[in-house]
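Final position of the sequence shown in this note's numbering is 721; the numbers increase by one with none missing.
Just so you know, even glycine gets a beta-carbon here, dropped at the ideal spot from N, CA and C.
See below for the structure under consideration.
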Amino acid sequence: MLDRIKLGLNYLLPKKWLTELAGWGASKRAGWLTKAVIDLFVRYYKVDMSEAQKPDTATYRTFNDFFVRPLRDDARPIDADPNLLVLPADGAISQLGRIDGDSIFQAKGHFYSLESLLAGNYQLADKFRDGEFATTYLAPRDYHRVHMPCNGILREMIYVPGDLFSVNPLTAQNVPNLFARNERVICYFDTEFGPMVQILVGATIVGSIETAWSGTVTPPRQGVIKRWTWPGAEEEGAVVLLKGQEMGRFKLGSTVINLFAPGKVQLVESLAAGSKTQLGQPLAIALQKTDADTVLQHQ
């Protein structure tokens with residue numbers, strides 16, 4: 423019964439208004455009140471503040487500052503094996519595996535299409551048909567910065583407006599096409615492991631999605647698809663990110679989806695739906711590398 427109520431609220435509540443209100447409140451400096459809210463959050467969600475660069479909650483001027491808190495430099499060692507791609511975020515695996523043609527597994531009884539996830543961009547979708555995917559859910563207690571699984575050259579970013587359903591396990595199991603209907607930021611990279619997409623999915627109360635190269639992508643929420651492109655690695659204005667480097671962050675929420683081309687990587691066998699994830703630990707093993715490896719070594 424409680425699950426039915428939660429699901430019903432996802433459809434009935436004014437999610438965009440609540441999200442904007444939460445984003446407004448989380449950005450405000452309210453002194454003792456801000457600290458009280460942070461302390462309550464830390465206790466309720468059992469946040470491990472010993473990993474943070476600033477473990478004292480009094481040092482955070484806003485709730486947002488706390489929520490995107492950086493960790494100690496030694497808190498998340500990045501696996502240095504050049505043939506390994508690493509997990510991009512703390513959290514838990516929602517689902518992962520092979521993309522069956524154009525079909526991606528969401529949860530029992532639910533699939534969504536690769537093309538719809540990529541906002542109808544069939545040319546981009548063609549690169550990942552029959553490839554591999556991994557969906558990582560970030561719970562409220564988790565570290566909410568997202569990092570690179572491998573070296574990458576940013577080529578395209580697409581902002582896709584959409585719904586703001588919660589993206590927790592309950593909604594993933596019950597809301598059809600959840601990730602293809604929610605707001606999201608699609609980031610396409612050239613890598614030494616072939617093309618890779620890393621998608622930051624919005625959700626209820628996710629006040630903001632940011633990237634390392636462009637700052638805040640959303641809000642504002644204008645209801646139109648936006649697209650940006652960048653040049654190759656050897657051209658002026660290129661954006662090159664290294665394995666383990668921060669690429670984006672959520673101010674509350676959410677989910678990260680990775681897409682890999684067919685025949686390029688093999689997801690590690692130790693990961694399965696429900697597996698806890700920690701930034702920097704193995705995600706996939708290289709099956710084949712491309713010439714992008716040589717280009718990246720020159721950066």
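For Asn505, which of helix, strand or coil comes out of DSSP?
If DSSP states are grouped into helix, strand and coil, Asn505 belongs with coil.
Could you please give me the residues that DSSP links to Leu742 through a beta bridge?
No information on residue 742 is available, as it lies outside the stretch 423 to 721 that the chain covers here.
Go ahead and label Asp512 buried or exposed: buried means 16 or more other beta carbons lie within 10 angstroms of its beta carbon, across all protein chains shown.
In this structure Asp512 is buried. Its beta-carbon is surrounded by 16 or more other beta-carbon atoms within 10 angstroms.
For the stretch 693 to 709 and the stretch 504 to 511, state whether three or more C-beta atom pairs, one from each stretch, are separated by less than 8 angstroms.
Yes, since at least three Cβ pairs between the stretch 693 to 709 and the stretch 504 to 511 fall closer than 8 angstroms, the two stretches touch.
Own chain partners of Ile621 with C-beta closer than 6 angstroms, once the 5 adjacent residues on each side are dropped:
The residues are Arg606, Ile608 and Ile679.
Between the beta-carbon of Cys572 and the beta-carbon of Lys665, is there less than 9 angstroms?
Result yes, Cβ atoms of Cys572 and Lys665 sit closer than 9 angstroms.
Confirm, please, whether the CB-CB distance from Leu681 to Ile575 is below 9 angstroms.
In this structure, Ile575 lies away from Leu681, with their beta-carbon atoms at least 9 angstroms apart.
Any idea which residues DSSP pairs Trp650 with across the strands?
Bridge pairing for Trp650: Met579 [DSSP].
What span of residues does the beta strand (DSSP E) with Arg567 cover, start to end?
First-last of the beta strand (DSSP E) with Arg567: Arg567 to His569.
Work out the CA separation of Thr481 and Ala765 for me, nearest whole Å.
As shown, the chain starts at 423 and ends at 721. That puts residue 765 outside it, with no answer to give.
Who are the Cβ neighbours of Lys457 in its own chain at under 7 angstroms, not counting the five residues just before and after it?
Only Thr479 and Ala480 meet the Cβ criterion.
Between which two residues does the beta strand (DSSP E) carrying Ser535 extend?
His532 to Ser535 is the extent of the beta strand (DSSP E) around Ser535.
Count the other CB atoms within 10 Å of the CB of Ala602; is the residue buried (16 or more) or exposed (fewer)?
Buried, by the Cβ-count rule.
Integer Cβ distance of Lys673 from Val490, believed to fall under 8 angstroms
Rounded to the nearest angstrom, the Cβ distance from Lys673 to Val490 is 6 angstroms, consistent with a contact under 8 angstroms.
Classify Trp439: buried if its beta carbon has 16 or more other beta carbons within 10 angstroms, exposed otherwise.
Since pLDDT at Trp439 reaches only 47, below the 50 mark, its modelled position is unreliable, and no value is offered.
Can you tell me whether DSSP reads Tyr482 as helix, strand or coil?
Looking at Tyr482 - three-state DSSP - the assignment turns out to be coil, as it is neither helix nor strand.
Report the rounded CA-to-CA distance for Asn590 versus Ala655, giving the unit in angstroms.
A straight line joining the alpha-carbon of Asn590 with that of Ala655 spans about 37 angstroms.
Examine the Cβ distances between the stretch 526 to 538 and the stretch 635 to 644 and report whether three or more of them are shorter than 8 angstroms.
The answer is no - the stretch 635 to 644 does not touch the stretch 526 to 538, with fewer than three Cβ pairs under 8 angstroms.
Would you kindly report the start and end of the unbroken beta strand (DSSP E) that includes Leu518?
Secondary structure note for Leu518: its beta strand (DSSP E) is the uninterrupted segment Gly513 to Arg520.
Use the C-beta contact count for Ala708: other C-beta atoms within 10 angstroms, 16 or more gives buried, fewer gives exposed.
Buried: at least 16 other Cβ atoms inside 10 Å.
To the nearest angstrom, how far is it from the Cα of Thr593 to the Cα of Asn599?
Distance between the alpha carbons of Thr593 and Asn599 is about 10 angstroms.
Own chain partners of Tyr559 with C-beta closer than 6 angstroms, once the 5 adjacent residues on each side are dropped
The residues Gly513, Ala514, Ser516 and Thr677, in chain order, have a CB closer than 6 angstroms to that of Tyr559 in the same chain once the five nearest residues on each side in sequence are set aside.
On the criterion of 16 or more Cβ atoms from any shown chain inside 10 Å, does Ser525 qualify as buried, or is it exposed?
Classification for Ser525: exposed.
Between which residues of its own chain and Asn604 is the CB-CB distance below 8 angstroms, once the five residues before and five after are set aside?
Contacts found: Gly584, Asp585, Leu586, Phe587, Val589, Val623, Gly624 and Ala625.
Keeping to the same chain, check which residues put their C-beta closer than 6 angstroms to that of Glu658; ignore five residues upstream and five downstream.
Nothing meets the Cβ criterion.
By the 10 Å Cβ neighbour count, where 16 or more other Cβ atoms means buried, how is Pro642 classified, buried or exposed?
Under the 10 Å beta carbon count, Pro642 is surrounded by fewer than 16 other beta carbons and is classified as exposed.
State the start and end residues of the unbroken alpha helix (DSSP H) segment that holds Gln545.
Where Gln545 is concerned, the enclosing alpha helix (DSSP H) stretches over Tyr544 to Asp548.
Sort Leu518, Pro477, Trp650 and Pro504 by Cα distance to Glu691 and report the nearest one.
Checked all of Leu518, Pro477, Trp650 and Pro504; the closest Cα to Glu691 is Leu518.
Rounded separation between Tyr544 and Arg563 - CA only
Their backbone Cα atoms lie some 36 angstroms apart in a straight line.
My output table needs one value for Leu705: the three-state DSSP class, helix, strand or coil.
Shown here, Leu705 sits in a strand according to DSSP, grouped into three states.
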